[in-house]
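Chemist:
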Amino acid sequence: MHTEVNGININYEKMGHGERSIVLLHGNGEDHTMFYELSQLLAPDFTVYALDSRGHGQSSFVDHFTYDEMAEDVVSFIKKKKIKQPIIYGFSDGGILGLLIAIRHPGLISKLITSGANLKPTGLKNWFLRQCELDYEANGSPLIELMLNYPNISHEELHTIHIPTLILAGEDDLVKEAHTESIHRNITNSRMIILEGEGHDTYVIHNPKLYDIIAPFLFEE
Numbered sequence: 331m332h333t334e335v336n337g338i339n340i341n342y343e344k345m346g347h348g349e350r351s352i353v354l355l356h357g358n359g360e361d362h363t364m365f366y367e368l369s370q371l372l373a374p375d376f377t378v379y380a381l382d383s384r385g386h387g388q389s390s391f392v393d394h395f396t397y398d399e400m401a402e403d404v405v406s407f408i409k410k411k412k413i414k415q416p417i418i419y420g421f422s423d424g425g426i427l428g429l430l431i432a433i434r435h436p437g438l439i440s441k442l443i444t445s446g447a448n449l450k451p452t453g454l455k456n457w458f459l460r461q462c463e464l465d466y467e468a469n470g471s472p473l474i475e476l477m478l479n480y481p482n483i484s485h486e487e488l489h490t491i492h493i494p495t496l497i498l499a500g501e502d503d504l505v506k507e508a509h510t511e512s513i514h515r516n517i518t519n520s521r522m523i524i525l526e527g528e529g530h531d532t533y534v535i536h537n538p539k540l541y542d543i544i545a546p547f548l549f550e551e
């Protein structure tokens, strides 16, 4: 399905008819289909919206990316569809979008879950940043340029988030563990889980185990 927000078409899939809603946001260079297994498991209890970010999947093509614009697309989508205080689950870049939405639109969402999110490029491991630099030199991808220069979220901004928040990362994530810990420390009502034996995306992409990880947090009142 498609809907127009901010002058572009956003592709999304909707599953379930639960009273509570959850919005799923994928990472850099991916699309909503990575959440198919998770969506199937969530659908009995939630209305699930899995979105393709601008320039991804079947959403409108763009040749330049900012996290601010991508986050505002999600905000506009939630408002247009009249989704009442959904939960957001965001993986990697999707987690960054979730943080920006929680910071800039208090009251819009009820809970936030992030996986492998970072506040700044320096939160990524050095070897991965170097690989991104080499890839950008080779192909000039605007998606790689995005990761090399952004985001720029401060600890002071994190202090404004007061909704229940779950911070996830793999033991072998692309994000430095100390950086993930700093996100947790600076969001008052948050908890953190570092998943033993997992990488950046091993427990996320087409993996039903993600449901078991997040379900206890989702069903807490």
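In this note's numbering, the protein residues as written are 331 to 551. Note that beta-carbon positions come from the ideal geometry of N, C-alpha and C, so glycine has one too.
(1) So what's Glu475 in DSSP terms, helix, strand or just coil?
(2) Should Thr490 go down as buried or exposed, given a rule of 16 or more other Cβ atoms within 10 Å for buried?
(3) Starting from Tyr366, trace the beta strand (DSSP E) in both directions and tell me its first and last residue.
(4) For Arg434, report the span of its beta strand (DSSP E) as first-last.
(5) Would you mind giving the Cβ-Cβ distance between Val378 and Leu354, rounded to the nearest angstrom? I have them listed as a contact below 8 Å.
(6) Any chance you could list the beta strand (DSSP E) runs of at least 3 consecutive residues sitting entirely within the stretch 494-538, in chain order?
(7) Let's see if you can read the secondary structure: which residues bound the alpha helix (DSSP H) around Tyr322?
(8) Asn469 and Pro494 - do their beta-carbons sit closer together than 8 Å?
(9) Have a look at Gly453, Cys462 and Gly420 and flag the residue whose alpha-carbon is nearest the alpha-carbon of Thr444.
(10) Could you pull out every residue in the same chain whose Cβ sits closer than 6 Å to the Cβ of Pro343, ignoring the five residues on either side in sequence?
(11) Buried or exposed: Gly437, going by 16 or more other Cβ atoms within 10 Å of its Cβ?
(12) By DSSP, does Lys411 sit in helix, in strand, or in coil?
(13) Leaving aside the five residues before and after Val392 along the sequence, list all residues of the same chain whose C-beta is less than 6 Å from its C-beta, in chain order.
(14) DSSP has Asp377 in a bridge; who is on the other side?
(15) Under DSSP, the beta strand (DSSP E) around His332 begins and ends at which residues?
(16) Strictly by DSSP, which residues pair up with Ser445?
(17) Provide the residue span of the alpha helix (DSSP H) that contains Glu487, from first to last.
(18) Within a Cβ cutoff of 7 Å, which residues of the same chain sit near Thr532, ignoring the five residues on either side of it in sequence?
(19) In this structure, does DSSP put Ile439 in helix, strand or coil?
(20) Go ahead and label Pro481 buried or exposed: buried means 16 or more other beta carbons lie within 10 angstroms of its beta carbon, across all protein chains shown.
(21) Give the range of the beta strand (DSSP E) segment to which Lys344 is assigned.
Modeler: Let me spell this out:
(1) Locating residue 475 in the sequence shown gives position 145, where the first residue counts as 1. Looking at Glu475 - three-state DSSP - the assignment turns out to be helix.
(2) If you number the sequence shown from 1, residue 490 lands on position 160. So Thr490 ends up on the exposed side.
(3) Stepping through the sequence shown from its first residue, residue 366 is reached at position 36. Counting along the chain, Tyr366 falls outside any beta strand (DSSP E), though it belongs to the alpha helix (DSSP H) covering Tyr366 to Leu372.
(4) Reading the sequence shown from its first residue, position 104 is the one you call residue 434. Careful: Arg434 lies outside any beta strand (DSSP E), inside the alpha helix (DSSP H) at Asp423 to Arg434.
(5) Translated into positions along the sequence shown, residue 378 becomes position 48. Translated into positions along the sequence shown, residue 354 becomes position 24. Yes, Val378 and Leu354 are in contact; Cβ-Cβ is about 7 Å, under 8 Å.
(6) 495-502 and 520-529
(7) Residue 322 lies beyond the stretch modelled for the chain, which goes from 331 to 551, so this question has no answer here.
(8) Walking along the sequence shown from the start, residue 494 turns up at place 164. Walking along the sequence shown from the start, residue 469 turns up at place 139. No, the pair does not count as a contact, with Cβ atoms beyond the cut-off.
(9) Within the sequence shown, the letter at position 114 stands for residue 444. Checked all of Gly453, Cys462 and Gly420; the closest Cα to Thr444 is Gly420.
(10) What you label residue 343 is simply residue 13 of the sequence shown in a count that begins at 1. Per the sequence shown, residue 343 should be read as Glu rather than Pro. Once the five neighbours on either side are set aside, the close Cβ partners of Glu343 are His362 and Ala380.
(11) For this step, residue 437 is matched to residue 107 along the sequence shown. By the 10 Å Cβ count, Gly437 comes out exposed.
(12) As a first step, residue 411 must be located in the sequence shown, where it is residue number 81. In the structure shown, Lys411 sits in coil (DSSP, three-state: anything other than H, G, I, E or B).
(13) On the sequence shown, residue 392 is found 62 positions in, with the first residue counted as 1. Closer than 6 Å at Cβ, skipping near neighbours: Arg384 and Gly385.
(14) By 1-based counting over the sequence shown, the position of residue 377 is 47. In the sequence as displayed, the identity of residue 377 is Thr instead of Asp. DSSP output for Thr377 lists Ser351 as bridge partner(s).
(15) Counted from its first residue, the sequence shown places residue 332 at position 2. Looking at the DSSP string, the run of the beta strand (DSSP E) that includes His332 is His332 to Val335.
(16) Working through the sequence shown from its first residue, we reach residue 445 at position 115. Partner(s): Phe421 and Leu498.
(17) For the purposes of this step, residue 487 is taken as residue 157 along the sequence shown, with counting starting at 1. Where Glu487 is concerned, the enclosing alpha helix (DSSP H) stretches over His485 to Leu488.
(18) As a position in the sequence shown, residue 532 is number 202, starting the count at 1. These residues qualify, in order along the chain: Gly500.
(19) Here residue 439 refers to the residue found at position 109 of the sequence shown. It is coil, neither helix nor strand.
(20) Position 151 of the sequence shown, counted from the start, is the residue given in the question as residue 481. Its Cβ being crowded by 16 or more others within 10 Å, Pro481 is buried.
(21) As a first step, residue 344 must be located in the sequence shown, where it is residue number 14. Residues Ile338 to Met345.
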